[in-house]
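Below is one structure; the comments refer to it alone.
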Amino acid sequence: MMTYQEFRESYVEPTKLDYLKSFLEFPTLQDARFNAMIFDQGPMTEAEFENHIQLIGIGDREHDEKDANNSNRLRCRTAVGWYIAGWLRYFARPFGSTFDKYKEVCYENAYNDWSYSREEF
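Per the working numbering, the sequence shown starts with residue 1, numbered consecutively.
Shown next, in the form of structure tokens:
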């Protein structure tokens, strides 16, 4: 079993070339179908909406309602909607993405993979 310290020492940070290669990863219809399948629950009822606010909320009603509305919107999105959203994120990425953000996301993904693969779960 690898400890966090061993994980941190074995982690290899991405290079700028990896960052540039990441721009060649295009959104696919298969990914859009997968997302649509995961979120395919239809719109929330009023009771589900209120339960979402109670369970997930942080206590600020305005923020909690925005979060619940966002979740509701994701639940209603079709595969075509997910595909279009993927392309919009792809085209917006050069304007909002930085190498430092890319490194953070890569580290978070590697850490999550490591933590979920531990035998303790």
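All C-beta atoms, glycine included, are put in the ideal place defined by N, C-alpha and C.
Per DSSP, residue 39 is one residue of the alpha helix (DSSP H) stretching across 29-39.
Around the Cβ of residue 35, a 10 Å sphere holds 16 or more other Cβ atoms; the residue is buried. Annotation for residue 20: the continuous alpha helix (DSSP H) segment containing it runs 16-22. Going by C-alpha positions, residue 96 is about 34 Å away from residue 51. Following the DSSP letters along the chain, one finds residue 91 inside the alpha helix (DSSP H) bounded by residues 79-96. In this structure, residue 40 sits away from residue 53, with a CB-CB distance that is not shorter than 9 Å. By the 16-neighbour rule on beta-carbons within 10 angstroms, residue 47 is exposed.
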